[in-house]
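Below is one structure, written out as structure tokens, with a few remarks after it.
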Amino acid sequence: MPFSGLGLSEPINKALAELGYEKPTPIQEQAIPIVLQGRDLIGSAQTGTGKTAAFGLPILQRIVPGKPFQCLILEPTRELAAQVEEALNFFAKNLGIQIGLIYGGVKYGGQMKMIESGAEIIVATPGRLLDHLGQGNFSLKDLDYLVLDEVDRMLDMGFLPDVKRIVQNYCSDDRQTLLFTATMPAAIKTLTGWVLKDPAVVEIGKNRSAAETVSHAFYPVVERQKYKLLLELLERTHYESVLIFTRTKFNADMITRRLERLDHKVAALHSDRSQSERTEALKGFKDGTYEVLVATDIAARGLDIAGVTHVINYDVPLHAEDYVHRIGRTGRASREGDAFTLLTEDEVKNAAAIEHFIGKKVERKKLEGFDYMYSALFNAQEKSAAAGPRSRLFGRSGR
Ligand code: AMP
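In the working numbering, each number is its position in the sequence shown, counted from 1, plus 29.
As structure tokens, this is what we get:
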């Protein structure tokens, strides 16, 4: 079905044509008519499936120009908030609707100006939004639309109490609510119970699967050789842009510093960096100034960075679903991508959990010619590795 069959207005269809959107993605096709009808919605869709337009287009269509603070969109990270604001501004280019951005780590001045001008839509992260609301800088008592995006990420990041406070204490009850989450743990189920009214549920694709266009592999290695193997992988890979994920900020900084010394064009992205550093890192990675971005899971969800050819997991993620999010940064929009994961003995259990989660085995690979200190016994040792604390996965090779 073309976009024109979804009941969207001419100015919106015009903007979509200019953006090169020819037909709706499955979540857009299913969600847009429901949101246009005014119904609450729980949406679950794989990352990169076009979720922003799925909620953004019908809301833009229903917004009354000139009525301030009609719509609030909550995002877990500043980067996602900025990305959603940018996308909405594209969609709204022919509508004369103002979209304001609120997040922490920057001065209040710009945000106060936006608030004074009475933006119809606010895209925000929870902490700074609560500051503004607590100071009475503006009110959400006439809110018509509330979007809670990436709610499972908000839960992981400890934002759920803030989200509850915002909804309970500040938002009008007379509103339409859309909630997006990839997983539905008990805490989120409880939230959906009182935040939403008789919601429709739209579930697209297998949340658990990685994009079909990503080929992925585990590279078993001992802890002491991890960095060396990373360098070797970078050396041998023809990448245009590579995103390296670490579990800790410390590792992200360590790798960034070392790669800088080797003259790689590299930047780091994690929550201890200042907002201007975070913005600069992401912008530089998007425009090609940096070929390598080293990030914690703050960058794993939803960030839309065109042309990431490779993802390297320096550490195996602790939560299996983060694996899908991380490697979803490559292979977006049906482009091919590669994802490598360095796997140490301590992480074998996490790797088994990932395979269980995605429902398939990930190939163990050995980098030919790499000077392994220990030989990795691939697939055959899998079972004992998953079962026993000291697996034989990394038996001594006699060196
Ligand atoms: P999202 O999941 O909203 O972050 O979208 C992922 C990417 O897909 C973004 O680059 C969008 O611009 C793009 N996209 C979303 N919907 C469509 C569509 N219907 N046609 C083409 N590209 C789209």
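We put the CB at the ideal spot given by N, CA and C, even for glycine.
Item	Value
Residue 317 versus residue 291 - alpha carbon distance	18 Å
Endpoints, alpha helix (DSSP H) assigned at residue 180	180-185
Beta-carbon contacts of residue 30 that lie in its chain and below 8 Å, excluding the five residues immediately before and after	52, 53, 58
Candidates 370, 374, 352: closest to residue 388 by CA position	352
Any non-hydrogen atom of the ligand AMP closer than 7 Å to residue 53 Cβ	yes
Three CB pairs or more closer than 8 Å across the stretch 79-94 and the stretch 220-227	no
Local Cβ density within 10 Å of residue 266, reported as buried at 16 or more and exposed below that	exposed
Inter-stretch contact at 8 Å, needing at least 3 Cβ pairs: the stretch 254-272 / the stretch 339-356	yes
Residue from 180, 276, 206 whose Cα sits closest to the Cα of residue 213	180
Close-in-space but distant-in-sequence residues of the same chain around residue 380 (CB under 7 Å, 5 per side omitted)	247, 345, 372
Contacts around residue 285, its chain only, beta-carbon distance under 6 Å, and the 5 residues preceding and following it disregarded	295, 297, 323
DSSP beta-bridge partners of residue 106	According to DSSP, which records beta bridges pairwise, residue 106 is partnered with nothing at all.
Cβ neighbour criterion (16 or more within 10 Å) applied to residue 10	A query on residue 10 cannot be resolved here, the shown segment of the chain reaching from 30 to 428 and no further.
Residue of 328, 342, 210, 112 minimising C-alpha distance to residue 151	112
Residue from 133, 139, 145 whose Cα sits closest to the Cα of residue 155	133
Enclosing alpha helix (DSSP H) for residue 205 [first to last residue]	Counting along the chain, residue 205 falls outside any alpha helix (DSSP H), though it belongs to the beta strand (DSSP E) covering 205-209.
Classification of residue 398 by the beta-carbon crowding that lies within 10 angstroms, buried from 16 upward	exposed
Whether residue 126 touches residue 145 by CB criterion (8 Å)	no
Presumed contact (8 Å Cβ cut-off) between residue 110 and residue 74, rounded CB distance	Wrong, their Cβ atoms sit about 19 Å apart, outside the cutoff.
Separation of residue 34 from residue 64, as counted between CA atoms	15 Å
Any non-hydrogen atom of the ligand AMP closer than 7 Å to residue 229 Cβ	no
Cβ-based neighbour list, residue 320, same chain, cut-off 6 Å, excluding 5 preceding and 5 following	270, 294
Any non-hydrogen atom of the ligand AMP closer than 7 Å to residue 44 Cβ	no
Three-state class that DSSP yields for residue 334 in the structure shown	coil
Inter-residue spacing [alpha-carbon to alpha-carbon] between residue 188 and residue 390	33 Å
Which residues DSSP lists as bridging residue 227, in chain order	Answer is none; residue 227 lacks a bridge partner.
Contact belief for residue 140 with residue 128 at Cβ below 8 Å, rounded distance in angstroms	Actually they do not touch by this definition, with Cβ atoms about 13 Å apart.
Three-state secondary structure (DSSP) of residue 367	strand
Pair within 8 Å by beta-carbon distance, residue 158 and residue 195	yes
Contact test: residue 132 Cβ vs the ligand AMP heavy atom, cutoff 7 Å	no
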